[in-house]
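The numbering used here applies: residue 72 is where the sequence shown begins, and numbers increase by one.
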Amino acid sequence: MGIFMNQKAFFQLSYGLYVAAAKADSKMNGCIINTVTQVTDDPKQVIIAINKQNLTCDLIQKSGMASISVLSESAPFSLFQRFGFQSGRNIDKFVDIPFQLTGQELPYLKEHTTAYLDCKITHSQDLGTHMLFTALVTDADVISDEKPMTYSYYHEFVKPKPVSEPASKIKGWRCIVCGYVYEGEELPPDFICPWCKHGVSDFEKIV
Numbered sequence: 072m073g074i075f076m077n078q079k080a081f082f083q084l085s086y087g088l089y090v091a092a093a094k095a096d097s098k099m100n101g102c103i104i105n106t107v108t109q110v111t112d113d114p115k116q117v118i119i120a121i122n123k124q125n126l127t128c129d130l131i132q133k134s135g136m137a138s139i140s141v142l143s144e145s146a147p148f149s150l151f152q153r154f155g156f157q158s159g160r161n162i163d164k165f166v167d168i169p170f171q172l173t174g175q176e177l178p179y180l181k182e183h184t185t186a187y188l189d190c191k192i193t194h195s196q197d198l199g200t201h202m203l204f205t206a207l208v209t210d211a212d213v214i215s216d217e218k219p220m221t222y223s224y225y226h227e228f229v230k231p232k233p234v235s236e237p238a239s240k241i242k243g244w245r246c247i248v249c250g251y252v253y254e255g256e257e258l259p260p261d262f263i264c265p266w267c268k269h270g271v272s273d274f275e276k277i278v
């Protein structure tokens with residue numbers, strides 16, 4: 072890895088934004104992900120990457136099923152806070168969120184969604200920080216004619232801009248992905264953002 076690698080180069084890759092959801096032993100959960108890619112047409116198969124720290128990843132591994140809600144440009148920041156910055160181990164993420172069930176009885180979002188996929192996991196691979204799932208799409212439908220949310224659209228129009236504050240008022244490191252601020256002169260080398268689960272390479276010093 073180059074010493075002077077610019078981590079922001081990865082933001083130039085074309086990502087979508089999705090809510091991956093799963094259910095096992097009556098526990099239902101979902102999380103924000105940015106990696107869902109169709110890999111074959113016949114049969115319809117996709118790959119899905121999910122951080123291993125997420126409860127949703129555990130539920131997918133246990134049940135062998137997952138649903139994907141393709142988020143639209145109307146998705147508000149509060150939705151990303153709900154599904155991206157909180158843990159399903161502490162809250163029920165689907166409380167007061169309009170959803171329906173797929174044929175496999177997995178939740179998908181009814182609002183701020185352009186389409187959904189109902190998936191059966193056929194293969195999984197441990198990639199270190201993430202699990203990569205290969206899945207057969209058993210059902211799918213279009214929910215609205217809204218444009219799908221992209222990672223670049225989220226950063227430009229949805230994610231709140233950092234508030235500039237005097238250096239004497241706040242010192243630390245800011246996650247360039249979600250905006251979380253770690254207060255302190257030095258960022259621990261093994262620090263993981265508690266909101267978006269990204270590591271130290273995605274933090275910048277507040278100056």
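No residue lacks a Cβ here, since even glycine has one placed at the ideal position from N, Cα and C.
Residue ranges of each beta strand (DSSP E) within the stretch 229-277, 3 or longer: 243-246, 252-254, 274-276
Whole-Å CB distance - V107 paired with I139, under 8 angstroms assumed: 6 angstroms
Residue range of the unbroken alpha helix (DSSP H) whose run includes K133: From DSSP, the alpha helix (DSSP H) with K133 extends over 126-134.
T173 beta carbon less than 8 angstroms from that of Y187: yes
C-beta atoms of Y179 and F170 nearer than 8 angstroms: yes
C-alpha distance - K268 paired with Q124, whole-angstrom precision: 8 angstroms
Sufficient close CB pairs (3 or more, under 8 angstroms) joining the stretch 94-104 to the stretch 115-124: The stretch 94-104 is in contact with the stretch 115-124.
Buried/exposed call for R153, threshold 16 Cβ in 10 Å: buried
Neighbourhood of D197 by C-beta distance below 6 angstroms, restricted to the same chain and skipping five residues each side: none
Residue ranges of each beta strand (DSSP E) within the stretch 188-214, 3 or longer: Here the runs fully enclosed are 201-213.
6 angstroms Cβ shell around L126 - same chain, five flanking residues per side excluded: N100, G159, R160
Residue range of the beta strand (DSSP E) that includes Q116: 116-122
Backbone CA spacing between A238 and H226 [nearest angstrom]: Annotation note: pLDDT 48 at A238 (below 50); position unreliable, no value reported.
8 angstroms Cβ cutoff met for G250 and P265: no
Below-8 angstroms beta-carbon distance, M136 vs any chain C residue: Given the protein chain composition of this structure (a single chain), no chain C is represented.
F170 - partner residues in DSSP beta bridges: L180
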